[in-house]
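Residue numbers (full-length UniProt numbering): 1 to 79. We put the beta carbon where it would ideally sit given N, CA and C, even for glycine.
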């Protein structure tokens, strides 16, 4: 996987909440996929109403496919 090392993603904002915080107790694990220039908090994925897991656990981010994440970010930006 193309994930950054634990401290490297601290300056990258989550595409959903736009927070830079890396606090697993509050936001869930923060994942960065450098290949797709994408950073998300696990809880932000779970709380997004227009997305669901279509992939296997090891695909995308916890089974949430990159294309679906991007579509949900786009949809949510219009609300």
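Helix, strand or coil at residue i [DSSP, three-state]
i: residue 73; result: helix
i: residue 19; result: coil
i: residue 64; result: strand
i: residue 79; result: coil
i: residue 33; result: strand
i: residue 38; result: strand
i: residue 14; result: coil
Assigned exposure category for residue i - 16 Cβ within 10 Å defines buried
i: residue 38; result: buried
i: residue 45; result: buried
i: residue 20; result: exposed
i: residue 67; result: exposed
Is there contact here, the segment 50-60 with the segment 7-26, by at least three beta-carbon pairs under 8 Å?
-> With a cut-off of 8 Å, the segment 7-26 and the segment 50-60 do not count as touching, because too few Cβ pairs lie within range.
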